[in-house]
Amino acid sequence: MIPDVLMLLVSIVGSLLLLVFSPLLHLMNAFRNKSFPTPKVIVITGVTSGIGRSLALKYADNGVVLALIGRSMDKLNELKADCQRKAPNCQVTLAQIDVSHRDKLKMFLSEFDAQHSVDLVIANAGVSDAALSKEMSYEEKAHEIINTNVNGVMNTLLPLLPSFRKRRHGQIVIIGSLAPFLSMVYPTYSASKAAVNSYALTLRHELMPYGIGVTMVAPGFVFTHLTDVLGSKLPMAVSSEYAAQTIHDGVSK
Ligand SMILES: NC(=O)c1ccc[n+]([C@@H]2O[C@H](COP(=O)([O-])OP(=O)(O)OC[C@H]3O[C@@H](n4cnc5c(N)ncnc54)[C@H](OP(=O)(O)O)[C@@H]3O)[C@@H](O)[C@H]2O)c1
703 MIPDVLMLLV
713 SIVGSLLLLV
723 FSPLLHLMNA
733 FRNKSFPTPK
743 VIVITGVTSG
753 IGRSLALKYA
763 DNGVVLALIG
773 RSMDKLNELK
783 ADCQRKAPNC
793 QVTLAQIDVS
803 HRDKLKMFLS
813 EFDAQHSVDL
823 VIANAGVSDA
833 ALSKEMSYEE
843 KAHEIINTNV
853 NGVMNTLLPL
863 LPSFRKRRHG
873 QIVIIGSLAP
883 FLSMVYPTYS
893 ASKAAVNSYA
903 LTLRHELMPY
913 GIGVTMVAPG
923 FVFTHLTDVL
933 GSKLPMAVSS
943 EYAAQTIHDG
953 VSK
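Following our numbering, the numbering of the sequence shown begins with 703 at its first residue and continues without gaps.
Shown next as structure tokens:
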């Protein structure tokens, strides 16, 4: 049995190492040549608020084709208008789909990919214990989190993998989290993000020989609906626009 205090020390040391080495990793990245062409056909899930919405607006550009996936049609329409206000010649396809609905999502993604050939897919949709309805039981919340944060990510990526492999082209971005490195609160959320963090890092190796890029994004605190309930004094928290810009810049390298 490993004592709790030892586990806590290990996570603190791990986090400190990450803090110390991250400037070095940034520096190494700055000297690396860009290896992926600028994506023109982009799929993003969970775009109706927060980081996903800011990512959609960041990628909206003339000549770009966006597939924006979310659950609220009103919010999707609003976002489409905002994207086309920014870039009138940006083509936007909206899909009102819950990412846990595997068959519906697969049908949409397969058709969209056959028409446009996806360059970049961002699996962003996610929920946490704190942001879910108070009406839900602990058990219901746990299943909802796994269905969205783990199965939803798989449902978003797996339908595109065969054609990415065939074309030997494509980029995959998975929005994970720093939460599993701390393992202090929200066990299901933490476990769901540990699963996708790990999946992304391992998939990266599996797909490297095909020239397909996989980026694991592990944000700290970002001010969004997800963190609203945690108050406004979150350590090192950034805006969703800042997070989207950082993700965009990281993915383009
Ligand atoms: N904010 C942070 O501090 C933070 C830190 C680390 C990682 N993240 C991750 O970043 C991602 C985006 O979260 P956020 O902070 O931007 O929170 P947010 O504002 O609550 O956005 C989450 C988005 O996911 C959508 N979504 C949730 N369940 C869905 C489902 N089953 N099907 C389709 N869409 C669904 C939501 O749509 P509805 O409006 O329909 O609910 C919303 O558009 C999540 O994966 C989250 O875990 C956030």
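Ideal placement from N, C-alpha and C gives every residue a C-beta, glycine not left out.
Here the structure is a predicted model, which is why all the values come from computation and not from measurement.
Check the C-beta distance from residue i over to residue j and give it rounded, since I have them as a contact under 8 Å.
| i | j | result |
| --- | --- | --- |
| residue 801 | residue 857 | 6 Å |
| residue 927 | residue 833 | 6 Å |
| residue 883 | residue 713 | 6 Å |
| residue 870 | residue 819 | The pair is not a contact, with the Cβ atoms about 12 Å apart (cut-off 8 Å). |
| residue 756 | residue 942 | 4 Å |
| residue 947 | residue 760 | 6 Å |
| residue 876 | residue 919 | 7 Å |
| residue 823 | residue 898 | Going by Cβ atoms, the distance from residue 823 to residue 898 rounds to 14 Å, so no, they are not a contact pair. |
| residue 722 | residue 743 | That pair is no contact at about 38 Å. |
| residue 861 | residue 806 | Not confirmed; about 11 Å, so no contact. |
Is residue i near residue j, with beta carbons less than 8 Å apart?
| i | j | result |
| --- | --- | --- |
| residue 945 | residue 753 | yes |
| residue 915 | residue 938 | no |
| residue 741 | residue 821 | yes |
| residue 859 | residue 816 | no |
| residue 770 | residue 794 | yes |
| residue 716 | residue 750 | no |
| residue 748 | residue 827 | yes |
| residue 797 | residue 763 | no |
Tell me residue i's beta-bridge partners as DSSP assigns them.
| i | result |
| --- | --- |
| residue 817 | In DSSP, residue 817 forms no bridge with anything. |
| residue 917 | 875 |
| residue 747 | 771 |
| residue 714 | None, per the DSSP bridge assignment. |
| residue 824 | 746, 875 |
| residue 786 | The partner list for residue 786 (beta bridge, DSSP) is empty, contrary to what the question assumes. |
| residue 941 | 925 |
| residue 796 | 770 |
Should residue i be labelled buried (16 or more other beta-carbon atoms within 10 Å of its own) or exposed?
| i | result |
| --- | --- |
| residue 952 | exposed |
| residue 955 | exposed |
| residue 887 | exposed |
| residue 995 | Nothing can be reported for residue 995: it is not among the residues displayed for the chain, which extend from 703 to 955. |
| residue 909 | buried |
| residue 791 | exposed |
| residue 670 | The shown model of the chain, from 703 to 955, leaves out residue 670, and the question about it has no answer. |
| residue 737 | exposed |
| residue 707 | exposed |
| residue 879 | buried |
With a threshold of 8 Å between beta carbons, is residue i in contact with chain C?
| i | result |
| --- | --- |
| residue 934 | In the displayed structure, chain C is absent; only one protein chain is listed. |
Pairing CB atoms from the segment 882-902 with CB atoms from the segment 834-847, are three or more of them under 8 Å? Taking 8 Å as the limit for Cβ pairs, the verdict is that the segment 834-847 does touch the segment 882-902.
So does the segment 776-791 actually touch the segment 835-845, counting three or more Cβ pairs closer than 8 Å? Taking 8 Å as the limit for Cβ pairs, the verdict is that the segment 835-845 does not touch the segment 776-791.
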